[in-house]
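Below is one structure, written out as structure tokens; comments come after it.
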Amino acid sequence: MTGGRVRIAIRDLEKTFVEGSREVAAVTGVSLDILAGEFVALVGPSGCGKSTILNMIGALVPPSGGRVLVDGAPVVDRAPREVGYVFQKDTVFPWRTVAANVALGLEYRGVPAPERAARVREAIALAGLQGFEEAFPATLSGGMRQRVALLRSLVVDPEILLMDEPFGALDTHTKLTLHAELLALWEAKHQTVVFVTHDLSEAITLADRVVVMTRRPGRVKRVYDIRLPRPRDVIRLRETEEYARQYSEIWHALGDEFARSDMGQLIGEPQPKARRADT
Amino acid sequence: MTSDRARVLAWQIAILVAIVAAWEFLTGIKAISKTPGLYWIDPFFISRPSQIVQRFLHLASPSVRLSIWAMAWSTVQSTLWGFLVGITTGFVAGLVLGRSQRLALICSPFIVAFNSLPRIALVPLITMIFGFGLLAKIVLAWSIVFFIVFFNTFQGARSVDADLIHSARFLGASEGQIMRSVIIPSTLAWTFASLTPSISFALIGVVVGEFIGGESGGGLGYLIIQSLGTLNAADMMVALVVLGIIGIVMALGIRQVEARLLRWRPEYQRR
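Here the protein sequences line up with chains C and V, keeping their order.
Residue 1362 is where the first sequence starts when you use my numbering, and the numbers rise one by one after that.
Residue 3 is where the second sequence starts when you use my numbering, and the numbers rise one by one after that.
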């Protein structure tokens, strides 16, 4: 499924945050090639810098060292146009209806109104959101809102999709439904996806490759190829032997990191304080 | 549900009628005293409903030079102007300063200083500058409304969710589009919350302006001060009742506008 062309190249990426008078290394020496049309999942214990890497790819956070190249061009200040981003947090605009939210990207890009309406209608039908076009987000469930956010990112046809734990706040059932929907949408277009999660089963279900990160400061511990056939059935998949085998293999590596990061806290190794909004 | 509401309404009407009736009745009882014309509760100070109605009909008739309608209209007009100009300027200033850290830092002592000043102390100065007409009252109302709206908008503009801005940017928004589609709508929610206090403060500003504005400014505040000069409690009560009605109608109107503009908010969602 991959053309073998490198879409996103991450080279010796570093990120250091200043917390008070101390510098805390969040990411050190991460290098990774992500191919065109590939679905890559980053997993690791919380605080391992996986979201930070995603933010650096998306130019939301400047790297302290190293760089990110998209199609060979370094990413600075602003992500290239073909990059879409789905946040963990609910970023649906509450003052816009579902249809108006989905239409946002097309509006920004100056797509004329009739075409916009047609594309929005099509997208909404695809995601099974008919009947909710004129509903405001406040009336929707968390799962529906995240579905709108996903749709909104996809309607402008991004070739690269960065997803930061987009389903992290959802219950298992809703999560599975959205996994199936995401995979169906991805099968149709084969966007290049970088998906951050701490849920290993989610990573294996969705991805071609799973990148396991170490605890903070985050490095790439190992990259696993997921050789599960596509298209995948998100429910049946979990009953297969191959899934179980891969899960336990990666879980072993990941479990080490979870344990070590917990140990670090127990021993009293300096941990970065939770950042709070200044008042 | 409906019978419940009807019952509440019935109680409210009953209480109102009881108060008016008691007022009328109690101010009619003569005190037992050797001095004639003494009352238990003297209508000289608080008038009587029957007198108030009489005075109202008189003031509403075309025979008087400055009718109650003309005065009410003058008050309403000035209030609405002060309100509109206040929210527009307050919104723009709040938005600009809210989005520019530096400008906010530079302007903050001036804003705090001016806002700490009791606005009533400015009335004579404003009257000197803007004369005894409508304009002085509008300026006074503006000077109060502006700050209410400004502080709300400022807070709103500062607390726009950064992730909403980022997500707009990823969808291809230019800086101008971000302003129009994210920052302004998100800020407006805060601005709208200041509309209800703004309209009542605009009315206060106008009435205070009318107290010293003289006849050329007209208005219900003028009627109140006139009545004080002639010790006419009935006229004063007429002005108060009309002012009360104006205040209620305006507040209800604003609430309608607010519910319409903020219909996306959970608290305004009809299920």
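Note that beta-carbon positions come from the ideal geometry of N, C-alpha and C, so glycine has one too.
Remember, predicted model here, so these are calculated numbers, not experimental data.
>> For C:G1504, would you say it is in contact with chain V, using Cβ-to-Cβ distances shorter than 8 Å as the test?
In response: Not an interface residue.
> Based on Cα-Cα distance, which residue from V:L166, V:V208 and V:A115 lies nearest to C:R1457?
Replying inline: The shortest C-alpha separation from C:R1457 is found at V:L166.
> Assuming V:G221 contacts V:S76 under a Cβ cut-off of 8 Å, what Cβ separation, rounded to an integer in Å, is found between them?
Replying inline: So it is a contact: roughly 4 Å between Cβ atoms.
> Under a CB-based cut-off of 8 Å, is C:F1619 close to chain V?
Replying inline: With its beta carbon at least 8 Å from every one in chain V, C:F1619 lies outside the interface.
> Rounded to the nearest angstrom, how far is the Cβ of C:P1519 from that of C:E1443, given a contact under 8 Å?
Replying inline: Contact flag correct, Cβ pair sits at about 6 Å.
> In chain order, which continuous runs of the alpha helix (DSSP H) of length 4 or greater are located wholly inside the segment 33 to 83 of chain V?
Replying inline: Taking only runs of at least 4 residues, the alpha helix (DSSP H) segments lying wholly in the segment 33 to 83 of chain V are 45 to 48 and 51 to 62.
> For C:M1362, is the classification buried or exposed, using 16 other Cβ atoms within 10 angstroms of its Cβ as the cut-off for buried?
Replying inline: Residue placement at C:M1362 is flagged as unreliable, the pLDDT there being 47, under the threshold of 50; the coordinate-derived value follows with that caveat. That one is exposed.
> Hey, C:L1511 and C:L1490: beta-carbon distance below 8 Å or not?
Replying inline: C:L1490 is positioned such that its CB atom lies no closer than 8 Å to that of C:L1511.
> C:A1397 by DSSP, collapsed to three states: which one?
Replying inline: It is coil, neither helix nor strand.
>> Quick check: the Cα distance between V:S52 and V:L124, rounded to an integer number of angstroms?
In response: About 38 Å.
> Looking at the C-beta of V:R267, does it have a partner C-beta in chain C at a distance below 8 Å?
Replying inline: For V:R267, the closest Cβ of chain C is nearer than 8 Å.
> Taking Cβ positions only, does V:G158 come closer than 8 Å to chain C?
Replying inline: Not closer than 8 Å to any Cβ of chain C, the Cβ of V:G158 fails to qualify, so no.
> Three-state secondary structure (DSSP) at C:S1392?
Replying inline: Note: C:S1392 maps to strand in three-state DSSP.
> Among V:V162, V:G246 and V:L230, which has the Cα closest to the Cα of V:I180?
Replying inline: Distances from the CA of V:I180 to each of V:V162, V:G246 and V:L230 were compared; the closest alpha carbon is that of V:V162.
> Taking the Cβ atom as the reference point for each residue, do V:S169 and C:Y1446 lie within a distance shorter than 8 Å?
Replying inline: Result yes, Cβ atoms of V:S169 and C:Y1446 sit closer than 8 Å.
> Of the residues that make up the segment 1454 to 1465 of chain C, which ones have a beta carbon closer than 7 Å to any beta carbon in chain V?
Replying inline: Of all residues in the segment 1454 to 1465 of chain C, F1454, P1455, W1456 and L1465 have a Cβ within less than 7 Å of some Cβ in chain V.
> Is the beta carbon of C:R1383 less than 8 Å from the beta carbon of C:V1453?
Replying inline: The answer is no: Cβ separation not under 8 Å.
>> For a test of the three-state rule: what should DSSP assign to C:D1432, helix, strand or coil?
In response: Look at C:D1432 here: in three-state DSSP terms it is coil, with no helix or strand label.
>> For C:R1482 and C:S1514, what's the separation of their Cα atoms in angstroms?
In response: The straight-line gap from Cα to Cα measures roughly 15 Å.
>> Under 8 Å, Cβ to Cβ, is there at least one residue of chain V near C:A1440?
In response: Closer than 8 Å to some Cβ of chain V, the Cβ of C:A1440 qualifies, so yes.
>> Counting only Cβ pairs nearer than 7 Å, list the residues of chain C close to V:S169.
In response: Correct list: Y1446, F1448 and T1452.
> Looking at the unbroken alpha helix (DSSP H) that takes in V:I214, where does it start and where does it end?
Replying inline: Its alpha helix (DSSP H) spans residues L197 to G215.
> Within the chosen definition, does the segment 248 to 259 of chain V reach the segment 64 to 71 of chain V through at least 3 CB pairs nearer than 8 Å?
Replying inline: When Cβ pairs closer than 8 Å are counted between the two stretches, the segment 248 to 259 of chain V is seen not to touch the segment 64 to 71 of chain V, the count staying below three.
> Which residues in the same chain as V:A275 place their Cβ atom closer than 6 Å to its Cβ, once the five residues preceding and following it in sequence are excluded?
Replying inline: With chain V covering only 3 through 273, there is no way to say anything about residue 275 of chain V.
> Checking contacts by CB at 8 Å: is C:R1597 closer than that to chain V?
Replying inline: Residue contact with chain V for C:R1597: absent (no Cβ-Cβ distance below 8 Å to any residue of chain V).
>> Could you tell me the alpha carbon to alpha carbon distance between V:S5 and C:E1476, rounded to whole angstroms?
In response: Taking the Cα positions, V:S5 is about 51 Å away from C:E1476.
> From V:S229 to V:D237, what does the alpha carbon distance come to, in whole angstroms?
Replying inline: Between V:S229 and V:D237, the alpha-carbon positions lie close to 6 Å from each other.
> Counting along the chain, where does the beta strand (DSSP E) carrying C:M1524 start and finish?
Replying inline: Following the DSSP letters along the chain, one finds C:M1524 inside the beta strand (DSSP E) bounded by residues I1521 to D1525.
> Just how far apart, CA to CA, sit C:L1393 and C:F1556?
Replying inline: Separation of C:L1393 and C:F1556 (C-alpha to C-alpha, rounded to the nearest whole angstrom) is 14 Å.
> Touch check for the segment 1393 to 1408 of chain C and the segment 1574 to 1594 of chain C: three-plus C-beta pairs under 8 Å?
Replying inline: In short, these stretches touch, since the Cβ pair count reaches three.
> So C:T1566 is in the alpha helix (DSSP H); what residue range does that whole segment cover?
Replying inline: Run containing C:T1566: L1561 to L1567, per the alpha helix (DSSP H) assignment.
> Can you find a CB in chain V that lies within less than 8 Å of the CB of C:L1589?
Replying inline: Not one chain V Cβ lies under 8 Å of C:L1589.
> My guess is that V:G84 and V:A143 are in contact by the Cβ rule of under 8 Å, so how many angstroms apart are they, rounded?
Replying inline: Indeed they touch by this definition, with Cβ atoms about 2 Å apart.
> Given that C:L1421 touches chain V, what residues does it touch there, using C-beta distances under 7 Å?
Replying inline: Residues of chain V passing the Cβ test: H168.
> Applying the criterion that 16 or more other CB atoms from any shown protein chain within 10 Å of the CB defines a buried residue, is V:G219 buried or exposed?
Replying inline: A buried status is given to V:G219, since no fewer than 16 other beta-carbon atoms sit within 10 Å of its beta-carbon.
>> Taking the beta carbon of V:W13 as the centre, do at least 16 other beta carbons fall within 10 Å, making it buried, or is it exposed?
In response: Exposed, by the Cβ-count rule.
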